[in-house]
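Student: Handing you this structure, nothing more for now.
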Amino acid sequence: MWHVGGAALDSRMFIGTALYPSPEIMRRSIEASGAGVITVSLRRQAPDSDGGRAFWDYVRDLGLHILPNTAGCHSVKEAVTTAQMARELFDTRWIKLEVIGDTYNLQPDPIGLVEATRELISQDFEVFPYTTDDLVLCTRLAEAGCSTVMPWASPIGSGQGLLNPFNLDMIRKRLPDINLIIDAGIGRPSDAARALEMGYDGILINSAVALAQDPVVMARAFALAVESGRMAYESGIMPKRDFANPSTPTVGTPFWHGEPS
Amino acid sequence: MIELTVNGTPKPLPAPCVLRKALDELGFQGRHFAVAINGRFVPRHQYEAFHIEGGEALEVLSPMQGG
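Line order of the protein sequences matches chains Z and Y.
All residue numbers for the first sequence refer to my numbering, where the first residue is 1 and numbers rise by one.
All residue numbers for the second sequence refer to my numbering, where the first residue is 262 and numbers rise by one.
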């Protein structure tokens, strides 16, 4: 059990709701993941469609914590307004804050992100900022009042995995008291396990599950990887050494050692 | 007749009215949406008091899949 944003969670996996082949596969994948938090978004929809009602009913019936995002926002004003709309629509203080600074790699705008974070925290939001793996930026977000910070492993949807483990490790070491969740770029379960082994508190995953040939089984694979990585971290991983050290005892080594011919 | 922009598309309304009536006329009913006007969020409890005069830009957003 761990705590994030005032909620007690069993799973260390957050999972997105986009890109699945069908709503039914989405539902089964979410269940297979064991995730306690799902991400959602807001978009324009024509009133003569069902206006998102079916999706919202589907998601609400899962009974999980909802984390709306501000995906697609490129300015502080857009992100703040979208967050306010999400709070009313989804009835939650939680917001996954995205302020995009580059349309090619969807890299967050660090200046706008900090500004929007401060504004939303002043409005009593629980802000989960999507950020780059920059130590100082993550520190500023924590200082602004975020109890959870979500650095990327690599660009959203790229599946590139942990491109800069050094940065991620440094962030973990320098911010030991806040929740750190890897958001974006994870491609395979071993990426997730590695993040958890480094002491990251959780991962947010979407494309790597939804775009798998079998999303339901992949969701389960990620759940096992996250659990494995966390157990490894808590068990204390042995330090690396620059030399060999036999694991088999050397006492009583048989016949060929130390015997002059 | 007045005109406003709804989710990026020009839409006519018969006359100035409160936001609640405008949303009804535009087909937005129920609780599965949130509204911003000219980039500012308008809480649901203000729908009866907020006046639409024409020329406004409405954003009406609904739940959607997201990552």
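Every residue gets a Cβ at the ideal spot worked out from N, C-alpha and C, and that includes glycine.
Measure the C-alpha to C-alpha separation of Z/A142 and Z/I178 and round it to an integer number of angstroms.
Tutor: Here residue 142 of chain Z is taken as the residue at index 142 of the first sequence, counted from 1. Here residue 178 of chain Z is taken as the residue at index 178 of the first sequence, counted from 1. Between the alpha carbons of Z/A142 and Z/I178 lies a distance of about 7 Å.
Student: Determine the chain Z residues that contact Y/V321 at a beta-carbon separation under 9 Å, and present them in chain order.
Tutor: As a first step, residue 321 of chain Y must be located in the second sequence, where it is residue number 60. Within 9 Å Cβ-Cβ: R44, Q45, P47 and G51.
Student: When you compare each of Z/I111, Z/E126, Z/A116 and Z/I121 to Z/V136 by their alpha carbons, which one comes out closest?
Tutor: Stepping through the first sequence from its first residue, residue 136 of chain Z is reached at position 136. Selected option, being the one with the closest Cα: Z/I111.
Student: Identify the contact partners of Y/F233 in chain Z, using a Cβ-Cβ distance below 7 Å as the criterion.
Tutor: Past the boundaries of the shown model lies residue 233 of chain Y; chain Y is included only from 262 to 328, so the question cannot be answered.
Student: Which residue comes first and which comes last in the alpha helix (DSSP H) that contains Z/I111?
Tutor: The count along the first sequence starts at 1 and reaches residue 111 of chain Z at position 111. From DSSP, the alpha helix (DSSP H) with Z/I111 extends over P110 to S122.
Student: What does the alpha-carbon distance come out to for the pair Z/M231 and Z/A221?
Tutor: Within the first sequence, numbered from 1, the residue matching residue 231 of chain Z stands at position 231. Within the first sequence, numbered from 1, the residue matching residue 221 of chain Z stands at position 221. C-alpha separation (whole angstroms): 15 Å.
Student: Taking Cβ positions, are Z/I15 and Z/V40 nearer each other than 8 Å?
Tutor: The residue you call residue 15 of chain Z lines up with position 15 of the first sequence. The residue you call residue 40 of chain Z lines up with position 40 of the first sequence. No, the pair does not count as a contact, with Cβ atoms beyond the cut-off.
Student: Rounded to the nearest angstrom, how far is the Cβ of Z/A116 from that of Z/L89, given a contact under 8 Å?
Tutor: The residue given as residue 116 of chain Z occupies position 116 in the first sequence. The residue given as residue 89 of chain Z occupies position 89 in the first sequence. Not quite, the Cβ-Cβ distance comes to about 18 Å (not below 8 Å), so this is no contact.
Student: Quick one, which of Z/T70, Z/S22, Z/H3 and Z/W2 has its alpha-carbon nearest Z/Q213's?
Tutor: In the first sequence, counting from the first residue as 1, residue 213 of chain Z sits at position 213. Looking at the Cα atoms, Z/S22 is the closest of the given residues.
Student: Which residues mark the beginning and the end of the alpha helix (DSSP H) in which Z/N167 is found?
Tutor: As a first step, residue 167 of chain Z must be located in the first sequence, where it is residue number 167. Looking at the DSSP string, the run of the alpha helix (DSSP H) that includes Z/N167 is P165 to R174.
Student: DSSP three-state label for Y/C278, please.
Tutor: On the second sequence, residue 278 of chain Y is found 17 positions in, with the first residue counted as 1. Three-state result, Y/C278: strand.
Student: Would you give the residue range spanned by the alpha helix (DSSP H) that Z/S33 belongs to?
Tutor: On the first sequence, residue 33 of chain Z is found 33 positions in, with the first residue counted as 1. Counting along the chain, the alpha helix (DSSP H) containing Z/S33 begins and ends at P23 to S33.
Student: Which value, in whole angstroms, describes the spacing of the CA atoms of Y/V296 and Z/F166?
Tutor: Within the second sequence, numbered from 1, the residue matching residue 296 of chain Y stands at position 35. Within the first sequence, numbered from 1, the residue matching residue 166 of chain Z stands at position 166. Spanning the two alpha carbons is a distance of roughly 43 Å.
Student: As a quick exercise: from Z/A193, Z/E234 and Z/R140, pick the residue whose alpha carbon is nearest that of Z/R118.
Tutor: Stepping through the first sequence from its first residue, residue 118 of chain Z is reached at position 118. The residue with the shortest Cα to Cα distance from Z/R118 is Z/R140.
Student: When you check each C-beta in the segment 278-312 of chain Y against every C-beta of chain Z, which residues fall closer than 8 Å?
Tutor: Taking 8 Å as the Cβ-Cβ cut-off, the segment 278-312 of chain Y approaches chain Z at L287, G288, F289, Q290, G291, H293, F294, A295, V296, A297, G300, R301, F302, P304 and R305, given in chain order.
Student: In or out: Z/I30 buried (at least 16 other Cβ within 10 Å) or exposed?
Tutor: Residue mapping note: residue 30 of chain Z aligns to position 30 of the first sequence, counting from 1. By the neighbour-count rule (16 or more Cβ atoms within 10 Å), Z/I30 is buried.
Student: Can you grab the Cα-Cα spacing for the pair Z/V80 / Z/N245, in whole Å?
Tutor: Within the first sequence, residue 80 of chain Z is the residue found at index 80, counting from 1. Within the first sequence, residue 245 of chain Z is the residue found at index 245, counting from 1. Each residue's alpha carbon lies about 56 Å from the other.
Student: Should Y/P273 be flagged as near chain Z, meaning a C-beta pair shorter than 8 Å?
Tutor: Locating residue 273 of chain Y in the second sequence gives position 12, counting from the first residue. No, because no Cβ of chain Z sits closer than 8 Å to the Cβ of Y/P273.
Student: Return helix, strand or coil for Z/D201, following the three-state DSSP convention.
Tutor: On the first sequence, position 201 is the one that residue 201 of chain Z refers to. DSSP, reduced to helix, strand and coil, places Z/D201 outside both helices and strands of the structure shown, so it counts as coil.
Student: On a CA-only basis, which of Z/A83, Z/I205 and Z/P239 is nearest Z/F125? Give me that one, please.
Tutor: Here residue 125 of chain Z corresponds to residue number 125 of the first sequence, with the count starting at 1. When only C-alpha atoms are compared, the closest one is Z/A83.
Student: Within 10 Å of its beta-carbon, does Z/R194 have 16 or more other beta-carbons around it, so buried, or fewer, so exposed?
Tutor: On the first sequence, residue 194 of chain Z is found 194 positions in, with the first residue counted as 1. Z/R194 should be labelled buried.
Student: Could you check whether the Cβ of Z/N69 sits closer than 8 Å to any Cβ belonging to chain Y?
Tutor: For this step, residue 69 of chain Z is matched to residue 69 along the first sequence. Yes, because at least one Cβ of chain Y sits closer than 8 Å to the Cβ of Z/N69.
Student: Determine the DSSP secondary structure at Y/E320, reduced to helix, strand or coil.
Tutor: Working through the second sequence from its first residue, we reach residue 320 of chain Y at position 59. The three-state secondary structure of Y/E320, taken from DSSP, is strand.
Student: Would Z/Y130 and Z/P108 be called neighbours here (beta carbons separated by less than 8 Å)?
Tutor: Reading the first sequence from its first residue, position 130 is the one you call residue 130 of chain Z. Reading the first sequence from its first residue, position 108 is the one you call residue 108 of chain Z. The answer is yes: Cβ separation under 8 Å.
Student: Which residues of the segment 199-223 of chain Z have a Cβ closer than 9 Å to any Cβ of chain Y? Give them in chain order.
Tutor: L204, I205, N206, S207 and A210
Student: Counting only Cβ pairs nearer than 7 Å, list the residues of chain Y close to Z/W56.
Tutor: In the first sequence, counting from the first residue as 1, residue 56 of chain Z sits at position 56. Within chain Y, the residues near Z/W56 are H293 and P324.
Student: Give the interface partners of Z/V127 over in chain Y, defined as CB-CB distance under 7 Å, in chain order.
Tutor: Within the first sequence, the letter at position 127 stands for residue 127 of chain Z. Chain Y residues near Z/V127: none, gap ~16 Å exceeds 7 Å.
Student: According to DSSP, is Z/T139 part of a helix, a strand, or is it coil?
Tutor: Residue numbering aside, residue 139 of chain Z sits at position 139 when the first sequence is read from its first letter. The answer is helix: DSSP assigns Z/T139 an H, G or I state.
Student: For Z/Y200, does the count of other Cβ atoms within 10 angstroms reach 16, so buried, or fall short, so exposed?
Tutor: Looking up residue 200 of chain Z in the first sequence gives position 200. Classification for Z/Y200: buried.
Student: Quick one: does Y/G315 have its CB under 8 Å from some CB of chain Z?
Tutor: Here residue 315 of chain Y refers to the residue found at position 54 when the second sequence is read from its first residue. Judged by the 8 Å Cβ criterion, Y/G315 is not in contact with chain Z.
Student: Using Cβ-Cβ distances below 9 Å, what residues of the segment 143-158 of chain Z are close to chain Y?
Tutor: I156 and G157
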